[in-house]
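**Student:** In full-length UniProt numbering, the protein residues as written are 1 to 357.
1. Quick check: the segment 47 to 54 against the segment 4 to 22, are at least 3 beta-carbon pairs closer than 8 Å?
2. Can you find a CB in chain B that lies within less than 9 Å of the CB of residue 23?
3. If you compare alpha carbons, which of 261, 37 and 296 is closest to residue 285?
4. Hey, out of 177, 255, 58 and 173, whose CA is closest to residue 233's CA?
5. For the beta strand (DSSP E) that contains residue 336, what are its first and last residues?
6. Does the beta-carbon distance from residue 30 to residue 86 come in below 9 Å?
7. Using CA atoms only, rank isn't needed, just tell me which of 305, 303, 19 and 306 is closest to residue 135.
8. Any idea if residue 429 is buried or exposed, counting beta-carbon neighbours within 10 angstroms, 16 or more meaning buried?
9. With burial defined as no fewer than 16 other Cβ atoms inside 10 Å of the residue's Cβ, what is the status of residue 89: buried or exposed?
10. Taking Cβ positions, are residue 224 and residue 266 nearer each other than 9 Å?
11. Please classify residue 350 as buried or exposed, where buried requires at least 16 neighbouring CB atoms within 10 angstroms.
12. Going by DSSP, name the residue or residues bridged to residue 324.
13. What first and last residue would you give for the alpha helix (DSSP H) that runs through residue 151?
14. Tell me which residues share the same chain as residue 217 and place their Cβ nearer than 6 Å to its Cβ, disregarding the 5 neighbours each side in the sequence.
15. Tell me which same chain residues have a C-beta within less than 6 Å of the C-beta of residue 188, skipping the five on either side of it?
16. Would you call the segment 60 to 78 in contact with the segment 88 to 104, where contact means no fewer than 3 C-beta pairs closer than 8 Å?
17. Give me the Cα-Cα distance between residue 354 and residue 272, rounded to the nearest whole angstrom.
18. Should residue 12 and residue 150 be called a contact, given that it needs their Cβ atoms to be closer than 9 Å?
19. Starting from the C-beta of residue 57, find all residues in its chain whose C-beta is less than 8 Å away, skip the five residues before and the five after it, and write them out in chain order.
20. Return yes when the Cβ of residue 196 is within less than 9 Å of the Cβ of residue 175, no when it is not.
21. What would DSSP say about residue 29, mapped onto helix, strand or coil?
22. Pull the bridge partners of residue 84 from the DSSP assignment, please.
23. Under a three-way DSSP split, which group does residue 212 fall into?
24. Do you know how far the Cα of residue 154 is from the Cα of residue 108?
25. Within 10 Å of its beta-carbon, does residue 28 have 16 or more other beta-carbons around it, so buried, or fewer, so exposed?
26. Mind checking residue 337: buried by the 16 CB within 10 Å criterion, or exposed?
27. With burial defined as no fewer than 16 other Cβ atoms inside 10 Å of the residue's Cβ, what is the status of residue 159: buried or exposed?
28. Following the continuous alpha helix (DSSP H) through residue 278, name the residue where it begins and the one where it ends.
29. What is the DSSP secondary structure of residue 167, counted as helix, strand or coil?
30. Kindly give me the distance between the Cβ atoms of residue 294 and residue 193, rounded to whole angstroms, as I take these residues to be in contact under 8 Å.
31. Return the first residue and the last residue of the alpha helix (DSSP H) that residue 65 is part of.
32. Report the option in 289, 257 and 291 whose CA atom is closest to the CA atom of residue 276.
33. Taking the beta strand (DSSP E) that residue 299 falls in, what are its first and last residues?
34. Beta-carbon within less than 6 Å of residue 305's beta-carbon, same chain only, minus the 5 sequence neighbours each way: which residues are those?
35. In its own chain, which residues sit with a C-beta less than 7 Å from the C-beta of residue 359, not counting the 5 before and 5 after it?
36. With a threshold of 16 other CB atoms inside 10 Å of the CB of residue 245, please say whether the residue is buried or exposed.
See below:
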């Protein structure tokens, strides 16, 4: 049976959605990386600003390496990008590949510009992703503006999208097996790590869904872990009225648990709520011991603000444009707007798994 946290409660559940379809064509779904830094102009690594379409993310590095005559391990990316989309991102390769760059164009790949930098790109080296998405056949009578205005003013729940958990929850089921010491024999290391991380993601969704159901999405609790917005250090809320004022001013946001053996601890009422999430899922903090650095634990912001969220009606439907931080899911916003089942394979969740150990 599918865990309810895979389809958590919507923030705009009281407003009807526009329905419609996404990804009818690759061009309907555009994703552009917002890098952490630009190439410096010197160094041993060649950065390639690449546009791709119809290229599976799991084969992207191999495709680049094959065409350039280098090892896939020499290809660096900050995050994976969707197959059924037009995407643009930085890719790093050894500088000696430069004479062969012309071989990359074709088969859905195009090099738009290049630069040099001192270090190889690694997962998580990005600020976020800018999305431009067309929802075809959307219902023009639905109150799309009311949905979007609420999200603009109050933020978007930072849930993990359903694709994070695998088809029919298979990845998260595997993760629970791994935590219980019952991992299949000869499981690939990447899949083992990904499955464990999927459990962490599910537990975060469960935690945030409970806050939503209890009307605590925008309420600071005694002992809540807070983090500065858009990024900054973590601390525990002690003077709740003062922290609520800072939260309301968008100076801070609450941060939920990515459970692990070294998760920054909450206190008071907030810690009690987090303990219930673990116990209801038949887990404890001790469940995450014995996995080395794979499930160290961290915190994830409960809310993301979309300051550049815009919409426009076109002859074919509703076009949305917005930027999300690395690790946040476009399908979470689309679920609020469309109110339909959009469990798509491969949303750009770039950098999430790199950070949440």
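Every residue gets a Cβ at the ideal spot worked out from N, C-alpha and C, and that includes glycine. If you're wondering where the values come from, they're calculated on a predicted model, not measured in any experiment.
**Tutor:** Straight from the coordinates:
1. At 8 Å Cβ cutoff, the stretches do not touch.
2. The structure shown has no chain B; it contains just one protein chain.
3. For the purposes of this step, residue 285 is taken as residue 285 along the chain shown, with counting starting at 1. If you compare the alpha carbons of 261, 37 and 296 with that of residue 285, the shortest gap goes to 261.
4. In the chain shown, residue 233 corresponds to position 233, counting from 1. Per the Cα distances, 255.
5. The sequence position of residue 336 within the chain shown is 336, counting from 1. Counting along the chain, residue 336 falls outside any beta strand (DSSP E), though it belongs to the alpha helix (DSSP H) covering 330 to 338.
6. On the chain shown, position 30 is the one that residue 30 refers to. On the chain shown, position 86 is the one that residue 86 refers to. The answer is yes: Cβ separation under 9 Å.
7. In the chain shown, counting from the first residue as 1, residue 135 sits at position 135. Ranking 305, 303, 19 and 306 by Cα distance to residue 135 puts 19 first.
8. No statement about residue 429 is possible, as the shown extent of the chain runs from 1 to 357 and does not include it.
9. Position 89 of the chain shown, counting from 1, holds the residue named residue 89. When all chains shown are included, residue 89 counts as buried.
10. Numbered from its first residue, the chain shown carries residue 224 at position 224. Numbered from its first residue, the chain shown carries residue 266 at position 266. Yes, the Cβ-Cβ distance between residue 224 and residue 266 is below 9 Å.
11. Counted from its first residue, the chain shown places residue 350 at position 350. In this predicted model, residue 350 has a pLDDT of only 39, less than 50, meaning its place in the structure is not dependable enough to derive any value.
12. Taking the chain shown and counting its residues from 1, the one referred to as residue 324 is at position 324. Paired residue(s): 129.
13. Here the question's residue 151 lines up with position 151 in the chain shown. Its alpha helix (DSSP H) spans residues 144 to 154.
14. Looking up residue 217 in the chain shown gives position 217. Only 211 meet the Cβ criterion.
15. Counting from one through the chain shown, the residue named residue 188 turns up at place 188. No residues qualify anywhere along the chain.
16. yes
17. The residue labelled residue 354 in the question sits at position 354 within the chain shown. The residue labelled residue 272 in the question sits at position 272 within the chain shown. In this prediction, residue 354 scores a pLDDT of 33, lower than 50, which makes its location untrustworthy; no coordinate-derived value is stated.
18. In the chain shown, counting from the first residue as 1, residue 12 sits at position 12. In the chain shown, counting from the first residue as 1, residue 150 sits at position 150. Contact annotation: residue 12 and residue 150 have beta-carbon atoms nearer than 9 Å.
19. By one-based count along the chain shown, residue 57 stands at place 57. Excluding positions up to five away in sequence, the list reads 80, 81, 82, 83 and 346.
20. Numbered from its first residue, the chain shown carries residue 175 at position 175. Numbered from its first residue, the chain shown carries residue 196 at position 196. Closer than 9 Å, so yes.
21. The residue labelled residue 29 in the question sits at position 29 within the chain shown. Strand.
22. Here the question's residue 84 lines up with position 84 in the chain shown. DSSP output for residue 84 lists no bridge partner at all.
23. In the chain shown, residue 212 corresponds to position 212, counting from 1. Looking at residue 212 - three-state DSSP - the assignment turns out to be helix.
24. Your numbering for residue 108 matches position 108 in the chain shown. Your numbering for residue 154 matches position 154 in the chain shown. In this structure, the CA atom of residue 108 is about 39 Å from the CA atom of residue 154.
25. Locating residue 28 in the chain shown gives position 28, where the first residue counts as 1. With 16 or more other Cβ atoms within 10 Å, it is buried.
26. Start at 1 with the first residue of the chain shown, and residue 337 comes out as number 337. Result: buried.
27. Sequence index remark: in the chain shown, residue 159 carries index 159 (1-based). Label assigned to residue 159: buried.
28. Here residue 278 refers to the residue found at position 278 of the chain shown. Taken as a continuous stretch (DSSP letters only), the alpha helix (DSSP H) holding residue 278 covers 268 to 280.
29. In the chain shown, residue 167 corresponds to position 167, counting from 1. Reduced to three states, the DSSP call for residue 167 is helix.
30. Here residue 294 refers to the residue found at position 294 when the chain shown is read from its first residue. Here residue 193 refers to the residue found at position 193 when the chain shown is read from its first residue. 5 Å between Cβ atoms; contact.
31. Taking the chain shown and counting its residues from 1, one reaches residue 65 at position 65. For residue 65, the enclosing alpha helix (DSSP H) begins and ends at 57 to 68.
32. As a first step, residue 276 is located in the chain shown; it is residue number 276 there, counting from the start. Looking at 289, 257 and 291, the one whose alpha-carbon comes closest to that of residue 276 is 257.
33. For the purposes of this step, residue 299 is taken as residue 299 along the chain shown, with counting starting at 1. 298 to 301 is the extent of the beta strand (DSSP E) around residue 299.
34. Translated into positions along the chain shown, residue 305 becomes position 305. Same-chain partners within the cutoff: 155.
35. For residue 359 there is no data in the structure shown, the boundaries of the chain being 1 and 357.
36. Position 245 of the chain shown, counted from the first residue, corresponds to residue 245. By the neighbour-count rule (16 or more Cβ atoms within 10 Å), residue 245 is not buried but exposed.
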